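So the protein lines, in turn, are chains W and Z. Residue 199 is where the first sequence starts when you use our numbering, and the numbers rise one by one after that. Residue 7 is where the second sequence starts when you use our numbering, and the numbers rise one by one after that. Where a beta carbon is used, it is the ideal one built from N, C-alpha and C, also for glycine. Computed from a predicted model, the values in this text were never measured in an experiment.
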Amino acid sequence: MTAPSPLWSTLTDPLIRQNPVTLQILGICSALAVTTQLPTALTMAASLSVVLVLSAGIISLIRRHIPDAIRLIVQIVIVASLVIVIDQLLQAYLFEISQSLSVFVSLITTNCLVLGRTESFARHNPPLPAMIDALGNGLGYSLVLISIGALRELFGAGTLLGYPVLPLAEEGGWFTPLALMMLAPSAFFLLGGLVWAIRSLRPEQAEPLEFPLPKVGEGGE
Amino acid sequence: MADLNPFAAWRRLLALPNESRTKTLAMAFLVSAACALLVSGATVVLRPIQSANRAAEQQARIEALVAGVPGMSELLAESGGTLSSVIIDLNKARAATEVTPETLEAALADMANWTALAPGEDLAGLGSRPDYAQVFLLRGGEGISLMLLPISGAGYNGRIDAILALRGDMQTIAGLAITGQSETPGLGARIEEPAWLSSFGGVRTMDARGDLRFAVAKGPAASEYEVDGITGATRTSSAMTRMIRFWLGPQGYGPLIEAVRRGEF
Numbered sequence: 199m200t201a202p203s204p205l206w207s208t209l210t211d212p213l214i215r216q217n218p219v220t221l222q223i224l225g226i227c228s229a230l231a232v233t234t235q236l237p238t239a240l241t242m243a244a245s246l247s248v249v250l251v252l253s254a255g256i257i258s259l260i261r262r263h264i265p266d267a268i269r270l271i272v273q274i275v276i277v278a279s280l281v282i283v284i285d286q287l288l289q290a291y292l293f294e295i296s297q298s299l300s301v302f303v304s305l306i307t308t309n310c311l312v313l314g315r316t317e318s319f320a321r322h323n324p325p326l327p328a329m330i331d332a333l334g335n336g337l338g339y340s341l342v343l344i345s346i347g348a349l350r351e352l353f354g355a356g357t358l359l360g361y362p363v364l365p366l367a368e369e370g371g372w373f374t375p376l377a378l379m380m381l382a383p384s385a386f387f388l389l390g391g392l393v394w395a396i397r398s399l400r401p402e403q404a405e406p407l408e409f410p411l412p413k414v415g416e417g418g419e
Numbered sequence: 007m008a009d010l011n012p013f014a015a016w017r018r019l020l021a022l023p024n025e026s027r028t029k030t031l032a033m034a035f036l037v038s039a040a041c042a043l044l045v046s047g048a049t050v051v052l053r054p055i056q057s058a059n060r061a062a063e064q065q066a067r068i069e070a071l072v073a074g075v076p077g078m079s080e081l082l083a084e085s086g087g088t089l090s091s092v093i094i095d096l097n098k099a100r101a102a103t104e105v106t107p108e109t110l111e112a113a114l115a116d117m118a119n120w121t122a123l124a125p126g127e128d129l130a131g132l133g134s135r136p137d138y139a140q141v142f143l144l145r146g147g148e149g150i151s152l153m154l155l156p157i158s159g160a161g162y163n164g165r166i167d168a169i170l171a172l173r174g175d176m177q178t179i180a181g182l183a184i185t186g187q188s189e190t191p192g193l194g195a196r197i198e199e200p201a202w203l204s205s206f207g208g209v210r211t212m213d214a215r216g217d218l219r220f221a222v223a224k225g226p227a228a229s230e231y232e233v234d235g236i237t238g239a240t241r242t243s244s245a246m247t248r249m250i251r252f253w254l255g256p257q258g259y260g261p262l263i264e265a266v267r268r269g270e271f
């Protein structure tokens with residue numbers, strides 16, 4: 199077997215090993231807010247990936263000419279403009295989904311994931327690797343969003359993409375929807391569980407304790 | 007002599023050190039100009055499609071509102087399945103003669119067709135009120151059996167647009183549909199929830215003496231003139247009260263409602 203090319207590992211690393219959500223805990227606000235159903239999670243994941251790839255491409259193209267003093271503003275302006283364009287496109291062609299995503303598409307601007315990738319990777323690399331890295335990170339984010347969205351829709355409403363999967367008790371089946379799954383805390387629980395599972399399988403991801411645990415004597419006092 | 011060739015000037019600009027003041031200013035200007043072009047281009051190109059979407063959604067909400075009123079689907083089927091639409095001249099409380107649904111938008115673009123509201127009258131926080139409004143009517147056996155009135159007012163975060171349906175007696179709310187709002191998601195935006203909107207059905211707007219009594223209660227509804235307030239959205243709830251009272255009052259559709267009750271319409 200030959201060693202994987204650097205571009206391939208740039209693409210696949212952020213999927214699990216360097217996943218931006220579960221390892222770096224970036225961009226979780228939107229991961230919690232838009233995952234009540236699979237369709238909104240899919241649209242959000244796609245929008246974020248498109249914004250991430252395009253902004254990485256643009257910023258990487260002009261990387262040699264961005265003055266250091268205003269580099270964050272330049273990046274944010276580019277990201278924000280792309281987000282507005284995507285938001286307008288959604289409102290024109292996917293009106294119903296854009297209504298349910300409401301403010302969260304505009305909030306991609308402040309998603310730490312986008313600025314994180316443009317600032318740390320796209321600014322120092324040529325366009326192709328920058329865009330592949332952005333795509334990998336977008337896919338890693340999408341993977342988490344889609345798994346949480348699928349779990350929440352399945353157990354919260356008994357459907358997947360709107361199609362009934364688990365027969366509901368009120369329609370003669372056996373499944374009673376878990377109302378908790380429709381509320382924001384369930385996304386915290388699921389995300390926490392996911393991080394725990396991944397770090398148990400890959401112990402190298404676990405962070406060392408910042409402080410030693412205090413020693414407590416046996417038997418109280 | 008200065009070199010006026012634009013390509014050479016461009017190359018000189020790119021060759022400047024990134025930290026120079028000229029290049030910083032030039033880059034900031036170029037990036038913002040490009041982004042401004044991109045954003046305004048997208049907005050202008052996509053606006054027709056978006057407003058068609060919004061119009062379709064408003065139509066769907068009117069249909070859902072009518073379908074949600076008990077017994078209304080049968081009445082609608084009897085009358086031929088359509089609502090009739092009339093432009094009302096709010097100052098004269100009768101159908102407008104010179105404005106049609108097609109010319110309404112053009113008429114309202116002219117500020118001469120708006121009436122400024124004195125601060126004391128301006129319950130809904132509108133500033134000024136259009137003189138023409140498009141209402142929808144359903145005529146039953148003896149007169150009007152349902153009237154749909156578009157209303158609007160200032161909410162907590164922005165304008166709230168809604169359609170209020172009144173039953174034939176003009177004193178009972180048949181239903182309410184929100185067609186536009188930008189209230190806080192999860193709090194004020196709950197005015198869009200079907201459960202809350204359905205509580206408007208059957209609520210009376212005025213008492214036997216003809217005084218407006220409607221209110222969104224602070225807490226659970228205590229009388230037949232009230233609907234439950236929304237917890238955590240006091241400002242939005244009271245905006246809804248003021249907006250509905252304004253539009254049912256003398257500056258809004260009050261004269262029209264009187265005319266309908268006298269059977270003059």
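CB contact check: residue i to chain W, cutoff 7 Å
i, result
"Z:N119", "no"
"Z:F252", "no"
"Z:T237", "no"
"Z:N163", "no"
"Z:S24", "A small fix is needed here, since residue 24 of chain Z is Asn in this sequence, not Ser. Yes, its Cβ sits closer than 7 Å to a Cβ of chain W."
"Z:T30", "yes"
"Z:A14", "no"
Classification of residue i by the beta-carbon crowding that lies within 10 angstroms, buried from 16 upward
i, result
"Z:R18", "exposed"
"W:I223", "exposed"
"W:M199", "At W:M199, the pLDDT of 43 sits below 50, so the modelled position is not reliable; the number obtained from the coordinates is stated separately. Under this definition W:M199 is an exposed residue."
"Z:Q187", "buried"
"W:D331", "buried"
"Z:M117", "exposed"
"W:E351", "buried"
"Z:N97", "exposed"
"W:E419", "Here W:E419 scores only 45 on pLDDT, less than 50, and its place in the model is too uncertain to base an answer on."
"W:E408", "exposed"
"W:F386", "exposed"
"W:V363", "exposed"
"W:P410", "exposed"
"Z:E199", "exposed"
"Z:T237", "exposed"
"Z:Q257", "buried"
"W:W206", "exposed"
Contact with chain Z by residue i, beta-carbon distance below 7 Å
i, result
"W:P265", "yes"
"W:Q273", "no"
"W:I268", "yes"
"W:L359", "no"
"W:F409", "no"
"W:I226", "no"
"W:F420", "Because chain W spans 199 through 419 in this model, residue 420 of chain W falls outside it and cannot be assessed."
"W:F293", "yes"
"W:A290", "yes"
"W:I256", "no"
"W:I223", "no"
"W:V283", "yes"
"W:M199", "Reliability of the predicted coordinates at W:M199 is poor, the pLDDT of 43 falling under 50, and the value obtained from them is presented with this limitation in mind. Chain Z contact via Cβ: absent."
"W:S279", "yes"
"W:Q216", "no"
"W:Q403", "no"
Of the listed residues the options, nearest to residue i (C-alpha basis)
i, options, result
"Z:G131", "Z:R145, Z:T242 and Z:L155", "Z:T242"
"Z:L218", "Z:T121, Z:M176 and Z:A115", "Z:M176"
"W:E317", "W:V272, W:L343 and W:P204", "W:V272"
"W:T233", "W:V281, W:I344 and W:I276", "W:I344"
"Z:N119", "Z:F206, Z:L254, Z:D137 and Z:T106", "Z:D137"
"W:P212", "W:L407, W:R261, W:Q235 and W:M329", "W:M329"
"W:L221", "W:Q286, W:A290 and W:P401", "W:P401"
"W:L250", "W:I306, W:E368, W:S398 and W:S296", "W:I306"
"W:L376", "W:G391, W:A395 and W:G356", "W:G356"
"W:Y339", "W:A244, W:S203 and W:P204", "W:A244"
Min CB distance residue i to chain C below 7 Å
i, result
"W:Q235", "Annotation note: the requested chain C is absent from the structure, which comprises protein chains W and Z."
Interface positions of the region 33 to 59 of chain Z facing chain W (Cβ-Cβ less than 7 Å), listed along the chain: M33, A34, V37, S38, C41, L44, V45, A48, T49, L52, I55, Q56 and N59
Start-end ranges of the alpha helix (DSSP H) lying completely within the region 197 to 256 of chain Z, minimum 4 residues: 200 to 204 and 240 to 254
Complete alpha helix (DSSP H) runs within the region 271 to 307 of chain W (minimum length 4 residues, chain order): If only uninterrupted alpha helix (DSSP H) runs of at least 4 residues are considered, those enclosed by the region 271 to 307 of chain W are 293 to 299.
Against chain W: residues of the region 168 to 194 of chain Z by CB proximity under 7 Å: P191
Runs of alpha helix (DSSP H) lying entirely within the region 312 to 399 of chain W, each at least 4 residues, in chain order: 325 to 355 and 382 to 399
4-residue-minimum alpha helix (DSSP H) runs that sit fully inside the region 203 to 238 of chain W, ordered along the chain: 204 to 210 and 226 to 231
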